[in-house]
Amino acid sequence: MKTFIKEQVMQSTCQRKINELTPIVCTTSSTEYDNSSSVKQVKKNKTSREIRNSQTIQQAVLIGALNYYADIIFKQPAKKSITTHQYMRIKSVNFSDENVVSFAEFLKTRCYEHFRYDISHGVALKTAKRRYQTNKKTDGLHLLMDLLNELGFEFNTKLTEGKSGTIKLENILEVRKESFIIINQKNFETVGREINTLLNERMKHAGKEMTLSRNDPELSQIFRL
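Just so you know, we're using UniProt numbering here: the sequence shown kicks off at 1 and counts up by one.
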């Protein structure tokens, strides 16, 4: 395959030998390579932050809807998020004393199955651990959606491509109940950010755990059915 190189476009230096049969040899300076790598890494980090923020906002909206029907118990985050919104760690969803969803335990068991599968199929330990953490968030969002589906909620979603080996996420575009649109694309992010901010402010003053009581009045002012 012939390669056409314009000096104004290519920053690399090409050295052609006199013999026309000798292929063109292109050398790129280490500085240029480092700069190119840095730009790619910045873009990758930005995309990663956007994905994490999107997941956090979706989680907050789902929590807002679910709080009308259940107490939600949160645990302090394992580590504080600095560059993105703080994703909440849900311990359990309590519809009643007899009807408690052990949220954290369910995710741990389910995602550990994926982890063991990856390891048994030759996936590197570091990669398997990364997938485990990614899948916990994705499965957590799907579990919240499943609980709300049982309560009559419907979601207009768009499936996103995950990294190889991770579970694909349904990005929520609309939230409906009984055919009425409760949250749309225009106010989805605003509502999600406000709920996430409210929950994180309360977590700062809580101990190891925090209970969001059913139909919390302050949260109900943000998410209205």
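Ideal Cβ positions, reconstructed from N, Cα and C, are used throughout, including at glycine.
Rounded Cβ spacing between residue i and residue j (contact assumed at less than 8 angstroms)
i    : j    : result
K208 : Q58  : 25 angstroms between Cβ atoms; not a contact.
A70  : G192 : No, A70 and G192 are not in contact; Cβ-Cβ is about 19 angstroms, not under 8 angstroms.
L107 : D139 : 6 angstroms
Cβ pair residue i, residue j closer than 7 angstroms
i           : j    : result
E170        : L159 : yes
residue 227 : G64  : With the chain covering 1 to 225 only, the question about residue 227 has no answer from this structure.
Y87         : T127 : no
L219        : N67  : yes
Which listed residue (the options) has its alpha carbon closest to that of residue i
i    : options                   : result
T166 : I182, R130, L143 and N187 : R130
R214 : V93, M203, Y87 and R89    : V93
R110 : Q133, K126, N53 and R224  : Q133
L144 : Y112, E113, A104 and K126 : A104
S179 : R202, T197, I119 and F155 : F155
E150 : R176, F74 and K79         : R176
Helix, strand or coil at residue i according to DSSP, with G and I counted as helix
i    : result
C26  : Here the model assigns C26 a pLDDT of 47, short of 50, so the residue's position is not dependable and the matter cannot be decided.
K208 : coil
K177 : strand
T190 : helix
T166 : coil
S54  : helix
S92  : strand
L66  : helix
N171 : strand
Terminal residues of the beta strand (DSSP E) in which residue i lies
i    : result
S120 : Premise fails: S120 lies in the alpha helix (DSSP H), F103 to S120, not in any beta strand (DSSP E).
D71  : D71 to K75
K158 : F153 to T160
Beta carbon proximity, residue i to chain D, threshold 7 angstroms
i   : result
I73 : Protein chains in the displayed structure number just one, and chain D is not present.
Element boundaries [alpha helix (DSSP H), containing residue i]
i    : result
D146 : L125 to E150
L219 : P217 to I222
Residue i: CB within 6 angstroms of a non-hydrogen atom of the ligand MG
i    : result
E113 : Absence of the ligand MG from the depicted structure is noted, as is the absence of any ligand whatsoever, leaving it without description.
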